Amino acid sequence: NCKIIASDISEEAVSAAIKNAKTAGVEQLIEFLVCDYSETEIPEGEGVVILNPEYGERMGKVKELETVYKGIGDFFKQKCTGYKGYIFTGNFDLAKKVGLKTFCKIPFYNGDIECRLLGYELYKGSKKKQSE
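Numbering (the working numbering), first residue to last: 15 to 146.
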């Protein structure tokens, strides 16, 4: 049984996502929320969290986005334990601000922008403590 929660801070983006889900016939499978990713309630247990933050190519200023990416790392560690976390980004320098080690880096393109889907295993504490 899979629960899909889709959130965005933009009401317009959520409305577009709902419209697309209806067109695809899957809207009943998805809970849509208008909120910042950091306010999204993450269900207990295991799962997958995928974020598509701005990466400075089209929307945000790169320097201002450093705090966003660091916040994503904090969100993953504090609220998503037991999950796999993924970030889709076209700014590899900003991705380093997440502060977590990736287990995969899958190349994609967003138009002509080279991007990566970066995967993170999310666990309590550090890997060193787990292996001791």
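All residues carry an ideal CB built from backbone N, CA and C; glycine is no exception. Just so we're clear, the structure is a prediction, and the values are computed from it rather than from any experiment.
*Take Glu41 as the anchor and find which of Asn66, Asp50, Ala31 has the nearest alpha-carbon.*
Ala31
*Per the contact definition of three or more C-beta pairs closer than 8 Å, is the region 84-91 in contact with the region 121-133?*
no
*Buried versus exposed call for Phe117 [16 or more other C-beta atoms within 10 Å across all chains shown]*: exposed
*Helix, strand or coil at Tyr123 [DSSP, three-state]*: strand
_Sheet register partners of Ile48 (DSSP bridge)_ = It should be pointed out that residue 48 corresponds to Val in this sequence rather than to Ile. Answer is Asp22, bridged to Val48.
*With burial defined as no fewer than 16 other Cβ atoms inside 10 Å of the residue's Cβ, what is the status of Asn105: buried or exposed?*
buried
*Quick one: Cα of Thr37 to Cα of Ser140, how far?*
43 Å
*With DSSP as the reference, label Leu132 as helix, strand or coil.*
strand
_One question on the structure: do Ser21 and Cys49 come within less than 7 Å of each other, judged by their Cβ atoms?_
yes
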